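Below is one structure; the comments refer to it alone.
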Amino acid sequence: MSTFKAPKGTYDLIPPYSAKYLAVRDAIAAPLRKAGYGYIETPGFEDVNLFARGVGESTDIVTKEMFTLTTKGGTNLALRPEGTASVLRAALEASLHKKGNLPVKLWYSGSYYRYERPQAGRYRHFSQVGAEAIGAEDPALDAELIILADQAYRALGLRNFRILLNSLGDKECRPVYREALQAFLRGLDLDEETVRRAEINPLRVLDDKRPEVQKQLVGAPLLRDYLCDACKAYHEEVRALITAAGVAFEDDEKLVRGLDYYTRTTFEFVHGGLGSQSAVGGGGRYDGLSEMIGGPALPSVGWALGVDRTVLALEAEGIELDIPPATSVFAVALGEAKPVLFALVTELRKAGVAADISYGGKGLKGAMKDANRSGARFAVIAGDRDLAEGVVQLKDMESGDQSPVALADVVEVLRGKLA
Ligand code: AMP
Numbered sequence: 022m023s024t025f026k027a028p029k030g031t032y033d034l035i036p037p038y039s040a041k042y043l044a045v046r047d048a049i050a051a052p053l054r055k056a057g058y059g060y061i062e063t064p065g066f067e068d069v070n071l072f073a074r075g076v077g078e079s080t081d082i083v084t085k086e087m088f089t090l091t092t093k094g095g096t097n098l099a100l101r102p103e104g105t106a107s108v109l110r111a112a113l114e115a116s117l118h119k120k121g122n123l124p125v126k127l128w129y130s131g132s133y134y135r136y137e138r139p140q141a142g143r144y145r146h147f148s149q150v151g152a153e154a155i156g157a158e159d160p161a162l163d164a165e166l167i168i169l170a171d172q173a174y175r176a177l178g179l180r181n182f183r184i185l186l187n188s189l190g191d192k193e194c195r196p197v198y199r200e201a202l203q204a205f206l207r208g209l210d211l212d213e214e215t216v217r218r219a220e221i222n223p224l225r226v227l228d229d230k231r232p233e234v235q236k237q238l239v240g241a242p243l244l245r246d247y248l249c250d251a252c253k254a255y256h257e258e259v260r261a262l263i264t265a266a267g268v269a270f271e272d273d274e275k276l277v278r279g280l281d282y283y284t285r286t287t288f289e290f291v292h293g294g295l296g297s298q299s300a301v302g303g304g305g306r307y308d309g310l311s312e313m314i315g316g317p318a319l320p321s322v323g324w325a326l327g328v329d330r331t332v333l334a335l336e337a338e339g340i341e342l343d344i345p346p347a348t349s350v351f352a353v354a355l356g357e358a359k360p361v362l363f364a365l366v367t368e369l370r371k372a373g374v375a376a377d378i379s380y381g382g383k384g385l386k387g388a389m390k391d392a393n394r395s396g397a398r399f400a401v402i403a404g405d406r407d408l409a410e411g412v413v414q415l416k417d418m419e420s421g422d423q424s425p426v427a428l429a430d431v432v433e434v435l436r437g438k439l440a
């Protein structure tokens, strides 16, 4: 072991386990690609104010959880704690929204950083795949995203999850509700920090998981009763479209999520096998975010699904992903055969066959162990005598059958057998 360890709250992705992460990312991205979302990549850090303004000055993410740094030039940066603000910033910067192609549909995949207290399913470095549909107010977009996330989870085999859905209203009706809620919260017996939170962002008090707080929240005014007609109609349309797609969801009036930019549709995917960190993904509409970061009005909607927690959810449901072995053919060279088989492996790779060879001068036994470990379907074995006869021994690693094949034919024979 080295003197160093992965920093607290982080972990390394190591083969073969890491293959699961790639498979999960691919599975989440696949339905997005088919639905017209283009891939976007943004830097791992941004101006700290992008998040302060976008995610919200009073949110836990901004006040407690950001990794911030000052460059030698004096610029204040933050490692990105989430993806939406960065993606919108990039879309505005590239003027994607001005080309008459709204909505701009984008997907991304990467690392995110939050200085949280580490526990099962909660890390300081984690990985998300996200999607954003920028610049259109259309309930079908909200529905599309929820349906695509559902498809991704189902394609992975997940079943033990629920979709929670709510509407947070808009700039017309939310302020009225906010005041009503604030008046209610002022009458409760809350600790100092929660009282402060009630003044800055009362909706987030609804999200407080502590039983002593939840008990007092019974009878709190519900946003549902304050939604303006436009928000109500919008939400009903989203609900109808998801229902028509056969995607089951639950209305959750208390779902507010921890980011300030959400308006109208908000949703969360929660998994039944994950303990307290049960949210595997979430998102919603953020009609005001563009203006909050200095852009034009661009009503938008998006989500981010956590890769780490999706992998944990797969484990909780006992789902083994069907990940094909990385290597199809493994070469075992004996005596002077190494350069010949090395050339063969190169040729196989060029022909599109996943091939590997034993390294380090191992004997037959050690090299065959390598072949087994690789998961290869076939081994190609050759020693001096085989080469003298112009053949290699082709071993079927499943049946154990072995037979000589002319060296000149082996690429074609293997391609045929693997097709
Ligand atoms: P959020 O932006 O907080 O809704 O996060 C979206 C998703 O990212 C969550 O549902 C989780 O799956 C994942 N996520 C957020 N924070 C963490 C974390 N600290 N560790 C692992 N996964 C996280």
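Counted the way the working numbering counts, the sequence shown spans residues 22 to 440. Heads up, the beta-carbon is just placed ideally off N, CA and C, and yes, glycines get one too. Given the structure is predicted, the values throughout are model-derived calculations rather than measurements.
Self-check item: Inter-residue spacing [alpha-carbon to alpha-carbon] between Y133 and A300
Solution: Here residue 133 refers to the residue found at position 112 of the sequence shown. Here residue 300 refers to the residue found at position 279 of the sequence shown. Whole-angstrom Cα-Cα distance: 16 Å.
Practice problem: With DSSP collapsed to three states, give me the class of E274. | Solution: Taking the first residue of the sequence shown as 1, we reach residue 274 at position 253. Reduced to three states, the DSSP call for E274 is coil.
Quiz item: Would the beta-carbon of A337 be found less than 8 Å away from any heavy atom of ligand 1?
Solution: Within the sequence shown, the letter at position 316 stands for residue 337. Outside the cutoff, so no.
Quiz item: Are the segment 164-182 and the segment 264-278 touching, with three or more C-beta to C-beta distances below 8 Å?
Solution: The segment 164-182 vs the segment 264-278: in contact.
Quiz item: Considering K119, what are the terminal residues of the beta strand (DSSP E) in which it resides?
Solution: Position 98 of the sequence shown holds residue 119. DSSP places K119 outside any beta strand (DSSP E), giving it a letter other than H or E.
Quiz item: Is the CB-CB distance between T286 and L189 below 9 Å?
Solution: As a first step, residue 286 must be located in the sequence shown, where it is residue number 265. As a first step, residue 189 must be located in the sequence shown, where it is residue number 168. For T286 and L189, yes; Cβs fall inside 9 Å.
Self-check item: Start-end ranges of the alpha helix (DSSP H) lying completely within the segment 157-187, minimum 4 residues
Solution: Entirely contained in the segment 157-187, the alpha helix (DSSP H) runs reaching 4 residues are, in chain order, 160-176.
Quiz item: According to DSSP, what are the bridge partners of N70?
Solution: Your numbering for residue 70 matches position 49 in the sequence shown. Per DSSP, none; premise fails for N70.
Quiz item: Between F290 and V350, is the Cβ-Cβ spacing less than 9 Å?
Solution: The residue you call residue 290 lines up with position 269 of the sequence shown. The residue you call residue 350 lines up with position 329 of the sequence shown. No. Outside cutoff.
Quiz item: So is A409 buried or exposed if we call it buried at 16+ other beta carbons inside 10 Å?
Solution: In the sequence shown, the residue the question calls residue 409 occupies position 388. Under this definition A409 is an exposed residue.
Quiz prompt | Same chain, Cβ closer than 8 Å to T348, five either side skipped, listed in chain order | solution = Start at 1 with the first residue of the sequence shown, and residue 348 comes out as number 327. Here the set comprises A375, A376, D377, S395, G396 and A397.
Quiz item: Cβ of T331 within 8 Å of any heavy atom in ligand 1?
Solution: For the purposes of this step, residue 331 is taken as residue 310 along the sequence shown, with counting starting at 1. At least one heavy atom of ligand 1 is nearer than 8 Å to the Cβ of T331, so yes.
Quiz item: What are the start and end residues of the beta strand (DSSP E) that includes F351?
Solution: Numbered from 1 along the sequence shown, position 330 holds the residue referred to as residue 351. First-last of the beta strand (DSSP E) with F351: V350 to A354.
Quiz item: Does DSSP put D308 in a helix, in a strand, or in coil?
Solution: By one-based count along the sequence shown, residue 308 stands at place 287. It is coil, neither helix nor strand.
Quiz item: Does the beta-carbon distance from F182 to R135 come in below 9 Å?
Solution: As a working mapping, residue 182 is identified with position 161 in the sequence shown. As a working mapping, residue 135 is identified with position 114 in the sequence shown. R135 sits away from F182, with the two beta carbons spaced by 9 Å or more.
Quiz prompt | Every unbroken alpha helix (DSSP H) inside the segment 22-105 [4 residues or more] | solution = 39-55, 69-75 and 81-84
Quiz item: Between which two residues does the beta strand (DSSP E) carrying A265 extend?
Solution: For the purposes of this step, residue 265 is taken as the residue at position 244 of the sequence shown. Premise fails: A265 lies in the alpha helix (DSSP H), D250 to A265, not in any beta strand (DSSP E).
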